[in-house]
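Read through the structure below, which is laid out as structure tokens, and then see the notes.
Residue numbers (the working numbering): 70 to 264.
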């Protein structure tokens, strides 16, 4: 055997011995690849508690529906916003039609409109995990929103999210991948050399 010849490649087999391993490795890298994430939702945001009347600082809950790269979805969020500064933070989750959930934490800036009932929202979300297809997910998205108060505590809202998410394979998928790689390695090792 030449010092430049791999024990896994013979002149007659070329790269064909590596094809099963390469296929498994490309599937593994695809499982960890970033995926574009976008969603557009419409719904209501409601002030559910006044935490500090001197700000005021309020607790807000949002429920909205729409669609995006995961398909049809429902959006839930809970946050605390200071009307004195317009700044807020909170947690959110996107629930797909199949029940998979993507969790996040966000910061938001509320910008008052010319009309006291109108406002815009600018924010960032850090994805912190999820269930189903989003188990172990990480990533980030930015969002823009706008709304209009229809009562002193209820606003109609619209949000548009854009970013990326990386889902980590479930432990069962990772174990299956490891078994497949081990089997491919054994197959390559036991296959007779075709010199």
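Beta carbons: idealized from backbone N, C-alpha and C, even for Gly.
Between the alpha carbons of residue i and residue j, how many angstroms are there, rounded?
i: residue 176; j: residue 158; result: 4 Å
i: residue 195; j: residue 170; result: 14 Å
i: residue 143; j: residue 122; result: 31 Å
i: residue 189; j: residue 213; result: 7 Å
i: residue 222; j: residue 183; result: 19 Å
i: residue 168; j: residue 114; result: 22 Å
i: residue 166; j: residue 209; result: 21 Å
Anyone know if the C-beta pair for residue i and residue j falls short of 9 Å?
i: residue 173; j: residue 200; result: no
i: residue 155; j: residue 181; result: yes
i: residue 145; j: residue 117; result: no
i: residue 137; j: residue 107; result: yes
i: residue 217; j: residue 224; result: yes
i: residue 133; j: residue 110; result: yes
i: residue 103; j: residue 233; result: yes
By alpha-carbon positions, which one of the options ends up nearest to residue i?
i: residue 127; options: 212, 150, 156, 108; result: 150
i: residue 227; options: 233, 135, 237; result: 135
i: residue 203; options: 190, 235, 178, 181; result: 235
i: residue 105; options: 219, 207, 220; result: 207
i: residue 148; options: 167, 110, 178; result: 178
i: residue 215; options: 118, 209, 229, 124; result: 229
i: residue 124; options: 217, 152, 237; result: 152
i: residue 220; options: 211, 187, 193, 191; result: 187
i: residue 130; options: 110, 103, 161; result: 161
i: residue 205; options: 103, 167, 237; result: 237
What does the Cβ neighbour count give for residue i, buried or exposed, with the cut at 16 atoms within 10 Å?
i: residue 112; result: buried
i: residue 192; result: buried
i: residue 95; result: For residue 95, the pLDDT reaches just 48, beneath the cut-off of 50, and the residue's location in the model is therefore unreliable, although a value from the coordinates is still provided. Counting Cβ neighbours within 10 Å, residue 95 comes out exposed, since fewer than 16 surround it.
i: residue 98; result: Model confidence at residue 98 stands at a pLDDT of 46, short of 50, so the residue's coordinates are unreliable; what they give is reported in the following sentence. Per the 10 Å Cβ criterion, exposed.
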